[in-house]
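UniProt numbering applies: residue 1 is where the sequence shown begins, and numbers increase by one. Ideal Cβ positions, reconstructed from N, Cα and C, are used throughout, including at glycine.
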Amino acid sequence: MQTISDLGTYTFPALFRNTLLKFSECSALSMVHGTPITYRELNARVERAARLLYKNGFAPKQKFAVFSSGMPNWGAAYLAIVNNGGIAVPLLPDFTAGEVEAILRHAEVDGMFVSDRLYARIESLAPELLPVVIKLDDFSVLRGGRAPAETAAAEHAAADNAQAADESAAPLPDVPVAETDTASIIYTSGTTGRSKGVELSHKNLVWTAIQCQTIHRVNKLDRCLSFLPLSHVYEFTIGFAMQILNGSCVYYLEKPPTVSTLLPAFKLVRPTVVLSVPLIMEKIYKNKIVPTFTSKKLVARLYSIPLFRILMNRAAGKQLKKTMGGKIKFFGIGGAKVDPEVERFMKEARFPYAIGYGLTETSPLLAGSGPKETVPGTIGPVMEGVVMRILDPDPRTGIGEVIACGPNVMRGYYRDEALTEQAFTTAADSCGSGWFKTGDLGLLEKRKGRLWLSLKGRSKNMILGASGENIYPEDIEFILNQHPLVSESLVVEDGNGLVALVQLDEEKMKAEEKKRVAQPSAGKPAAGKPGLLPLPEVLQTAVENAAAAVSNAVEELKGDLLYKREEILSEIQFFINNKVNRISKIGKVESVAQFEKTASQKIKRYLYNLKHGTHSPEGAPAPQNLRDSDARDAADKNGN
C-alpha cells in the first residue's frame, strides 16, 4: 500500500516517479487482446507524447483535451499533459460533435489527443478552435500547432528517424507542479441537463487514489479489467490512478461492454478488480439468475423460501465468480444506486461486491464499503479524511441533504463563479471555504463505531405530496424494476399525481404477447367477381384486394398487441400500488421506448419532466429539442 510518505506530495509527477522507482518492470497497461507494456515502457510513451506537445507549442497551464475510449495511450497522454504542468480535459467518448465543440470553446483548449475512431467528430472543427490534433493510437500529428520557428525549421530539415532520435535524447524541462494546480477539467454528462466543467486539482485526485486503498488494497499482482470511460472520474481515480500508484496492470476492453464482449474478456484476463455500474449486474441477475430459479414450479417454490434461496444464491455466486475468471476479489459498483433485490442476491451469493458513493465534484469518493463490510441498503462509512454532515435534517426521519468537505472536493466550476458559489454553503466554519452541497438526500448513523451513510435520492427529485409529505421517486422505482417485464423506470409528476414511465423488456414482452394475443382475423376477401373485366384490370383488382386484406390483418394485429400492451401497463400499475403506501400510489403508467442516459448509465431525468412537457409517450413525436439532439447523435454515429 502506497501512502503520501512514499510520494512526498499529492501530485501526478510524484505519483509516477514513485511507481517507476518501485514497479518499472511490472506490467502496466494493455488491451484485453494485447500484450501488456511495463511501467518503464509506459514512461517512454509519456515522454514521447510530452515531446510532441512541446514541439507543437505546448506550455505549462495550457489545456489539452483527450477524446477516446480506454487504451494504454490514453493514460500516457494524460500523464504527458499533467506531469508537464498542463491541464487535461478528458471528454466522454459518447459526446456528440456539437457537445465536443461547445466544451472545447468553453474550456479554451489548446489542442487534443483523439483516437482514430472518434477523429471524424472533430475533423471539421476550425484550426482556430483546435490548432493541435495528435492521433492517440500512434501519436502521429494530424494537425500541427503553434510551434516556435526554430523548432519548425529543425523539423523540416531532419529526416523522421533522425528527428525521433533527437527527440528521445533531448531532456524534458523540469516543470514545477503544485498540489493545488488544476490537473483536470471534467465536463459531466449529468442528469440535470447542464454540462459543467469541474476543476479538480492534483491533490483532489491523488489524495482520493491513496484514500481509496482504505476500502480495498491492490498490489503489483492485481489485474484490473476496465470498460468504463476513463473520462469518468470514478473509473479514472480508482481504475487508473489507484492502479498505477500500486503497480497493478489494467486491461482495456476493445468494444462496448456486452455479454458477448465481457465473458471472453473475463476468461482471458481473469481480473481481480473490476469497476462497474449497477446496470450490468442488474442485467446479469434479471436475465440469467432469476430465470434459472423461476422457470420450473418446484424450483421457484424452493427459491421463495429464504433458507433455500440463500443456498441457491450461494451456488449461483460460485458459478458467477467462475464465469468472471475465478479470481475476482473486488467488484466495485458506483455511479448509481443498486437495486435492493440485486444487492441482496450479491450478499447472499458471497459475491465480492463493493459500494461507493460520490460525485465528479468530489473526485469522486465520499463514502463506501469494501466486499467484507457491505450492508444491503446502505453505502458505507464516510471515507477517512472526509467530513460529512446532513443539512437541515427532517426532525422525524433525520433525512436531509448530504454536505461534505475534504481534500477531494473540487476547486470549483471552470469559468462559472456564480454556480460555484451556489454549490457551497455560505457558512464556512471548520470547512474553510464552505461545505459542498451534494444535492443528494441521505441519513448518517453510527454503525460499527463509524459514521455510516445511507441515501434516499436526489433532493431535486423529491416530490412534495398533496399534504406536504416527502415522496422519494427512487424508492418507488426500485419496486417497479422488480416487475418481470420492466427493464427500467422513472417516477415523475404531471400536476395530477404520480406517473410511472417504464421501459419494458422487449424480449420478455414478445414472449408474453405470444401467450396473450388471440389468433388475429385474416381479413375478408373483397366481394364481387371480376366478371367480364379485361385481364389486366382483373389482376389489378385482385392485387388491390389482397393488399387490403393484408393491411386489415396487420392493423388488427397491431391493435390487439397495443391492447395487450395497455393491459400489461395496467397490471404494472396494480403491481406497484399494492406495494407502496397511500401517498406513493401511481395514477398512470406509460411506456417509453428507451431512456436517454448519462455515461454512468443514469437516466437523464430532466428530459422526462412532465410538468415542463418534455416527455413523449412511446410512439408519440419527441419535443423538437430532443429530435434535434437525436439527429445529431445519429449523424455522429453514422460518421464513425
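Taken through DSSP and simplified to helix, strand or coil, W435 comes out as coil. Less than 7 Å divides the Cβ of I586 from the Cβ of N577. The distance from the Cβ of Y252 to that of M112 is about 20 Å, inconsistent with a contact at the 8 Å cut-off. With a threshold of 16 other beta carbon atoms within 10 Å, N219 falls short and is exposed. Segment contact: the stretch 320-338 against the stretch 350-358, three or more CB-CB distances shorter than 8 Å; contact assigned. DSSP places P473 inside the alpha helix (DSSP H), whose first and last residues are 473-480. Per the C-alpha coordinates, the member of T96, R270, Q482, L221 positioned closest to S248 is L221. The beta carbon of K597 sits closer than 8 Å to those of I603, K604, all from its chain and outside the five residues before and after it, given in chain order.
DSSP, reduced to helix, strand and coil, places E373 outside both helices and strands of the structure shown, so it counts as coil. For the 7 Å CB-CB criterion, V502 and V486 form a contact. The residue among D94, K318, V132, V589 with its C-alpha nearest the C-alpha of Y187 is D94. Within the same chain, V66, S68, L136, L230 come within 7 Å of W74 by CB-CB distance, once the 5 residues on both sides are set aside. DSSP, read as helix, strand or coil, puts M1 in coil.
Unbroken alpha helix (DSSP H) stretches of 4 residues or longer found wholly inside the stretch 295-367: 297-303, 306-323, 340-348, given in chain order. For A265, the uninterrupted alpha helix (DSSP H) run begins and ends at 259-269, by DSSP. In this structure, the alpha-carbon of V299 lies about 6 Å from that of F293. Between the alpha carbons of L453 and P407 lies a gap of roughly 19 Å.
Per DSSP, the continuous beta strand (DSSP E) segment holding G400 begins and ends at 400-405.
Contact check for G439 and E401: beta-carbon distance about 7 Å, within the 8 Å limit, so the pair qualifies.
Apart from sequence neighbours up to five positions away, the residues of its chain that approach S226 with a beta-carbon distance below 8 Å are G70, E235, G239, F240, V250, Y251, Y252, L253, L275, ordered along the chain. Fewer than three pairs of CB atoms, one per stretch, sit closer than 8 Å, so the stretch 117-125 makes no contact with the stretch 196-213. Out of L444, L451, T397, the CA that lies nearest to the CA of G385 is found in L451. The alpha-carbon of G370 is positioned some 44 Å away from that of L142. Within a 10 Å sphere around the beta-carbon of E25 sit fewer than 16 other beta-carbons, which makes this residue exposed. Secondary structure at D6: helix, using DSSP grouped into helix, strand and coil. Cβ contact annotation for V338 (same chain, cutoff 6 Å, sequence separation greater than five): P278, in chain order. In this structure, the beta-carbon distance from H202 to T11 falls below 7 Å.
The continuous stretches of beta strand (DSSP E) do not include L230, and DSSP gives it neither H nor E. Just measuring C-alpha positions, the residue of L311, C224, I284 sitting nearest A28 is C224. As DSSP reads the structure, T38 sits in a beta bridge with S27. For Y78, no beta strand (DSSP E) encloses it; the enclosing alpha helix (DSSP H) starts and ends at 72-82. DSSP, reduced to helix, strand and coil, places Y251 within a strand of the structure shown. If you check the CB distance, A178 and V82 do not come in under 7 Å.
Distance check between K446 and each of F139, M410, M388 places M388 closest, using alpha-carbon atoms only. With a contact defined as Cβ atoms closer than 8 Å, P60 and V175 qualify at about 5 Å. Counting along the chain, L275 sits inside the beta strand (DSSP E) bounded by residues 273-276.
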